[in-house]
Every structure is written in structure tokens, then in C-alpha cells.
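First residue of the sequence shown? That's 129 in my numbering, and the numbers climb one at a time after it. Where a beta carbon is used, it is the ideal one built from N, C-alpha and C, also for glycine. In this text, all values refer to a predicted model and were calculated from it rather than measured experimentally. In what follows, a single structure is set out as C-alpha cells and then discussed.
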Amino acid sequence: MLKNLQTHTEQDSITTDTIETDSLRLAIMRHNKVIDDSIRLDSINRRKSNGIDAPLKYSANDSLVFYETTRTAHLYGSAKVKYENMDLASERVYVNMDSNVVHANGVADTLGNVEGKPVFKIGADEYESDDMAFNFKTRKGFVSNVFSEQEDGFLRSERSKHDSTGVIYLEHGRYTTCDEEHPDFYIALSRAKVRPGKDVVFGPAHLVVCDVPLPLAIPYGFFPFTKKYSSGFIMPSYGDENARGFYLRDGGYYFAISDKWDLKLLGEIYTKGSWGISAASNYHKRYKYSGSIFVSYQDTKNGDKGMPDFTEQESFKIQWSHKQDSKANPFSNLSASVNFATSSYERNNLNSMYNPQSMTQSTRTSSVSWSTTFSSIGMSLSSTINLNQNMRNSTIEMTLPDLNVTIARFYPFKRKHVAGKERWYEKISMSYTGQMRNSISTKEDRLLHSNLAKDWRNGINHSIPIQASFTLFDNININPSFNFTDRMYSNKVMRSWDKVNQTEVSDTVNAFSNVYNWSFSISASTRLYGMYIPSKKIFGDKIMAVRHVLTPTVSFNFSPDFSAERYGYYETYQKTDADGNVSLVEYSPFQNNVFNVPGKGKTGNIALTLGNNIEMKIRSDNDSTGFKKISIIDDLSLNMSYNMAAKEKPWSDLGMNIRLKWWKNYTFNLNARFATYAYELDENGRPYVGNHTEWGYGRFGRFQGMSQNFSFTLNPEKLKKWFGGGDDNEDEEQNDEEGTDTDIESNIDDNMERGKTAAKKKRKGKAETDADGYMAFSMPWSLTIGYGITMTENTAGRFNTKRMRYPYKYTQTLNFSGNVRISDGWNISFASGYDFENHKISMTTASLSRDLHCFNMSCSVVLAPYTSYNFTFRCNAATLTDALKYDKRSGYSNAVQWY
């Protein structure tokens, strides 16, 4: 019966639809389908577990042999195997299809050199070895004589194992930063664990230099390789300084907070009690802003505590640099350049001793500025905090804040809808500038104890200039202007004379005061052209013409006498000295205020300026137009004025300026003044400037002096250019090379700094040879010489009564710097000068550096005006530069004495 039921069921399953099948049969069918699917999937998984998950690609240039019995493929001749993210290249490769194990090795040539060594890549990591075995499935392998590059270093080991996570275990390894096949130095590692891209942790290790083991060993250590920002300890430097003892300096911790900003905390400690701490941070937000902050504090103790020579001094330094990206906000900007330090900081800082610019810097400037613009109304608002430091006498001049409001020039009478020609009153323009300032000048130790009302100077200044521009007779430019300035002060200083103590008494009165002044001026200028065509018979046909441009300018300036009594800007008090002599002393209660006070005396000044320009036009085959302009005199101008309101000495001195552009890279510029009024002798025979002019005595104006500076750089390229064989592009290439940034506030001379580095190595690669095959001799050098001379009247000298003149005094300065590269890797630089007044050598420095491929040796000395030395020997690689180094430097108490 069961058999019949089964037969009937099979027939029904064929002939009947599943929709017509009853619930019992449908359940049986579904159950059987689930079992069949599970059996099918299990067989697939079983087959995958015995094989590989992705296609295995391989190729060979010579041949490929497959042994069916061992299921092994032999690849000969530059064989390559690729599986997922793993690549293997070798001269010979053996692949076992059952075990998924790959063996690779190179082949020795007739000389015994192994060629085609296995190169294995897994992801971004690459390894080179003599032979290797690797399981593609388990990702485990064994490698002999493996070589790999990790960031700035290179790893090599005799035997190594590779686990499934990518970690490599080394035995008898070497770590070095030298890229030579036979490294100059290495750290011998007994055992190590390498996490590619992260770090190396090793056991006992020692240093080997030139295959000589050194007695410098450590029980364990690690090298970080991460490419990301990471926090970590900073190794300190050590040394000794006689005044403060042994020290550990510049050690601390680095915080990699994020990709946008970081923090570095450093400290220093000395055995005699001195200590210091500093914090440095850099921040950067793309398309927004960037900057850096540095804060340092030092507690310096010199001598032994309890002894008479013991001193303790506290000092600090703050540096802040902030720059806003122009794309962040086109209407608002914030920038900062702060460089503040107490006067004793540089003297107590060891690093400053070996930086002559820091030691000799006499002034420091700091500023923080913010500005915004309201383009719709043409107004701009800016605020600045300024700080000027005198490092010699610790004087501070601070402005907090300096607020400015500016309204751009506008034309109040201009019509909105222009019809016809522009009318004369539409050319009248005006603008506005408002300034609020609060400033103080004091010593640095009194700044925080100052009183805002008594010690600080503050006020508000308004300036309204009104201008216009007209053209007369189509050739004469007329420019009238009216300027109004108003000052608002919150206090004034009244003065009186104390007869008893014979001193001046000052009394500050807190009251609102308004001080204003105004002036009017008008000028007229034009241009006159003269052309001279020289005779071809005398000058030839190369000179086309000579043009002379004469630019006369006449101006008139008027302002009333604001020292008149009706203005109230000046006061007087009666002074009676000890002998009973009575005199009136005139002063201004506002003379010490922040915006000062209007000047005394009425002004009705007529000024005349005469400018000259002479050019010559010649034929030139080098120019595309066929002509070339040559400047004979770029500018020769004379200026003089006459004050109609002055009761005596109405003529001003004669000023002269000459500018010549005869050379391609140098412009000669000379300013000079000629005194109008001559010296006269009083009844005691002492000279004074009288009321008679030099012209009245038949003499030209008295020459009062001039100032001129020259700078010149000499190098082999320039000598070749002078004597043939040079190229103009070589100078341009030198100017494009990077060097010391002299734009920052410092005492560094641009030309002197360029002279120190002008001979640095420019070419890389194989050495050049001459026609005979010998190495071409090359010793790049550079010498920069700067000379300045100032000529002035020496009023302290002996007066010449015959010529009625004082003798002239000459002040000269001479500076020179240079660089010599005696061979590849050897570099010598120097800088010095001569003080003609004291007849002494000025600041003199010299440095010697040697590039030892993996190491760098440098020595610098300061010879004058003080002496010091600094010797450094350290590894070039950033990974080992703090560990493999030696520093030796002098201190204040053990500086070298040069004889």
C-alpha cells in the first residue's frame, strides 16, 4: 500500500500543479528543498576551504613547467605572481597548488652575483630578500636576508618570519638610515618585532660604525614609523655650563592633538638650581588661518646660594604669529606678529649666545592688528596694538589700542544722474580719518604697575582733507586742498615755578579739551618737453634723439599762528631764578599729549620744485622695435621755499636729489642739502647761523652733507660674465634659491646673508669631467662687500674763520661676508666688518660644516665683540637625530680667549 502511495505521489507531482497540491504534500516538498540547498552550500564551502579565494595570476619570460603528480608550477625567467594585494617578482618561483605555498629565489651568475632576487609587495610594504617561502592562504612566510625600507630607515635581517597580521619577527637584524648598500653605520639588533608603518620594537642592541662595534648598547628600544601625527616624548640634550652646572635641556612631550593644531612642552634643569619651561604650538585651518605661539619662562641662578656673587633672575619670552587666509573673509582680517622678551632673556638663554643676530638685536617690535571694511558705505575700521622694546635700557613704548575709522574719498557735489560736461564743483572730494590712541612709555618692570589716568597718554584725532583737481589752459594742473584737524584730550598739564625749591611744578588737570588747526594749500604743475636731434656727421646715425623733460611745480601753503592767545593752546608762567632774574617761560599744556599740539608761528610758504629727466633714443638690433631708450639722468630735482610770514630767515635750505640708472642691477641715488644762511661770529667770536644768505656773500649754499651705501657680490659666475663665457640666467637662478628669511624683524642684512650661502652646491648627480677625462676642478665661492659713508658738518670740530665753515665729519661702515665650498660636503662661511670710528673689527663670525653622508658636523665661532664656540655632530635622519648626537659649546664663564 505504501508503494502504491509513493507511486501515486510521484505521478501526481508530475501531472498536478503545486497550487492544487494539498498542504501535507506542499510541506514535504519544501522540507526536501531546504535539505538539498544546505547540502549544496556545504559542498561549495568545503571546496573553498581547501582552495584560494581569488584568482592566482602568474607569468614568466622563459618557461612555465607544471608537474601534475606534485601539483607544482615552476616559473623561470623574471617570474611574477599576483594574488589579491600581494605581488611577487623573482627569477625563479615555485607554486604548490595544494598547499598554496610559494617559494622564490634568485640565480647566481658566473661571478657568483645573485640576480633576480625575490621582491615581495603586500599592500604598500615592499621586501627584498635572497630567498623566501610564503603561504598565500595563511599569509605566513619565512624569509632569508630580508631588506625593507621603513620611513627614513632601512631594515635588514638574516632570518625573519611574517605572520598573518603583517607583523615581521627578525633575528640578527640591522637598522640604519644610510641608503648605501654597505651602510656607514647601523644599529645591530639581536631580535626585533616590526609592525610595518607603525614601529620597530627590539631587544638588546649596540651601535656599529664602519663595521666597528662600539661600546654603546641599550637593553631595549623602539623606532616609530607612523606617518600620522602622534604624541610622544622628546629626548633632552645634555651638557655642562660652568655658571649653572650640568644640564638637561629641550626635553619634554609632544602632543599631536589633531591635524589642525599641536602642542610641544619642553623643560630645562641645571644642577645649580636654574630651570626653565616653554610651550610651543602650531595651528592651521585650511582656507581660514594659520599661526604659531611660543611662550618661555626662565629662572636663572648664577653662583652658589649664600655667596656674595649669587644672583637670581626671572625672564620670559612670548612670540605669536597669526595670518588669516585671504579666502576666509575678504572684508575682515586679523594678523599678529608678537616678539616680546624681557631684556635679560637673551642673555640667559644658551641658544641666543650662538646667534649673533639675537645677541646684538637692540630693538623688538610687536603688533596685533584687526581691520574690517564696510564696502557699501566706503568705510573701514581698524584696530592695532603696538609694542616697541629697547633691549639696551629696557624701555617700552606701548599703544593699546590704536583705533582708526576711515571713510574713503567721496564727491559730495557730484550729480547722481550726469548730463553734459562735468562741472567744476563736482571735482571737489573729501574724506575722513578718525583715530583714538592710548599709549605709554615706561620701563618694562613698571608697565603692570602703571596708572591709566596718570601714566597713559590718550586722545582722539579727527582729520578731514578736502581736495580738488582742475586743468588750466589744458596744460597746467591746479590742485587746491584744505585740511582740518581736531584733537580731543581728557587732561592737560599746567606748569608753574616754585621759587623756594627753584623747580618747575606740574599739575595734571582732568578736563575735556579741544585743540584744532587748519591749513590751506594750492599747487600748480606742468611738463615742458625739449627734443634735440644730434648731427649725424658728428655723432653718427645710431643716436636718434635726446629728450629733456622739465617738470616745474609751484605751491602755496598757508596756516595761521595757533600760538596766539585767542586759541589758548599756549600758556606762560613767570620764572624767578636764585639771582632774582625774572623771565617768562612759554609752554603748551598739551605738548606731551598723544597727538601733540599745533605748531607756533604763522605760515605763508611758497615752494618751488624743478624736476629734470633726460633720455636718449638709439638704434638697437637686439630690440624687436629696432629702437632702445637709455636713461641719462633719471631724475635731477631741486626744491626750495620762501615763507612770507616769517620775520627772519624766510628762505629754506636748497634740496637736491639725483637718481641715475646707468647699470642693470644698481640705481645710484643721492640726496643733499645746501644751507641758505651763512655762519656769523658774535662778540665772543663764537659762530652762529645769521640772517645773511650765502648768496649775499657771493657763495653757493653751504653743503651740509650726504649719505650713500654700496653693496656688491662677487662670484665665479660674475667673473666669467665679465671676461666671457658667462650667462645672465645664472644670477637669476641664484636669486631664486631659498635662504634665511630676512623679512622678519631682525638686524640681519639681506646682502650679507645672501653672501654667506651664495656658494652652496647647486648640482647633483655624477661628477663633471674635463676633455681629458679628469674630474673638473670646481670650488664655488662668493664674497659680498657692503660699504656705507655719511658726510656731515662736524659742529664739535674747530671752526674755520677764513672759510666760515665747520670741517666735515665722515662716518664709514664696512661689512663683508662670504662662502667657500672647498669640496662636496665641505662648506665655510664667514661674516665681519670694520668700525672706522672705534678702529675695531665689528661682529665677526665663522662657521665650518661637513656633510658626512649620514652624519653632519658643524662648528661655529664668534670672534668679536665677544667670543664663543659651538660644535655639533649628529645624525641627519630625523628618527635618530636626537639619539645619535654630540654637542659641545662654550658658556659665559668658559668662553674661549682668542689671542
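Assigned with DSSP and collapsed to three states, N812 falls in coil, not helix or strand. Taking the Cα positions, T753 is about 31 Å away from S765.
In the DSSP assignment, E822 falls outside any alpha helix (DSSP H), carrying neither H nor E. DSSP places W850 outside any beta strand (DSSP E); the residue lies instead in the alpha helix (DSSP H), whose first and last residues are 844-851. Separation of S634 and Y381 (C-alpha to C-alpha, rounded to the nearest whole angstrom) is 56 Å.
Beta-bridge partners of F468 (DSSP): I446. Around K703, the same chain offers W625, S711, V713 as residues with beta carbons nearer than 6 Å, after the five sequence neighbours per side are excluded. Assigned with DSSP and collapsed to three states, F1001 falls in strand. Boundaries around E743 are those of the beta strand (DSSP E), 731-747, since no alpha helix (DSSP H) includes it.
Boundaries around F667 are those of the alpha helix (DSSP H), 664-667, since no beta strand (DSSP E) includes it. Taking all protein chains in view, the Cβ of F983 is crowded by 16 or more other Cβ atoms within 10 Å, so the residue is classified as buried. Taken through DSSP and simplified to helix, strand or coil, L766 comes out as strand. Inclusion of N476 and P529 in the CB contact set at 8 Å is not warranted, their separation being larger than that value.
Its Cα nearest to that of T304, the residue F282 stands out among G431, F282, S1018. In this structure, S292 sits near K268, with a CB-CB distance shorter than 8 Å. Counting only the Cα atoms, K789 lies some 19 Å from Y915. At the C-beta level, S497 and R520 stay beyond 8 Å of one another. Inter-residue distance for D749 and K756 is about 9 Å (C-alpha atoms, whole angstroms).
The distance from the Cβ of V643 to that of R615 is about 4 Å, consistent with a contact at the 8 Å cut-off. Secondary structure of E474 (DSSP, three-state): helix. Taking 8 Å as the cut-off, the Cβ atoms of G251 and S218 do not count as close.
The alpha carbon of F275 has as its nearest neighbour, out of M214, G379, F264, H310, the alpha carbon of H310. Note that the C-beta distance between F444 and T428 is not below 8 Å. Counting every other CB atom within 10 Å of its CB across the protein chains shown gives D307 a total below 16, marking it as exposed. Of the residues assessed, S957 falls on the buried side of the cut-off, its CB having 16 or more other CB atoms within 10 angstroms.
Inclusion of A959 and T941 in the CB contact set at 8 Å is not warranted, their separation being larger than that value. The C-alpha of Q441 is placed about 37 Å away from the C-alpha of M564.
Note that the C-beta distance between F831 and F796 is not below 8 Å. In this chain, the beta strand (DSSP E) harbouring G916 covers 909-921. As a beta-bridge residue in DSSP terms, Q452 pairs with Y417.
In the three-state reduction of the DSSP assignment, Y934 falls in the coil class, being assigned neither a helical nor a strand state. When the beta-carbon positions are compared, Y698 and Y715 come within less than 8 Å of each other. Within the DSSP bridge table, the entry for N589 names Q563, R615 as partners. In this structure, DSSP gives W552 a helical state, which the three-state scheme calls helix. No residue range can be given for P347, since it is assigned to no beta strand (DSSP E) and is classified by DSSP as neither H nor E. If you draw a straight line from the Cα of G240 to the Cα of R199, it is about 32 Å long.
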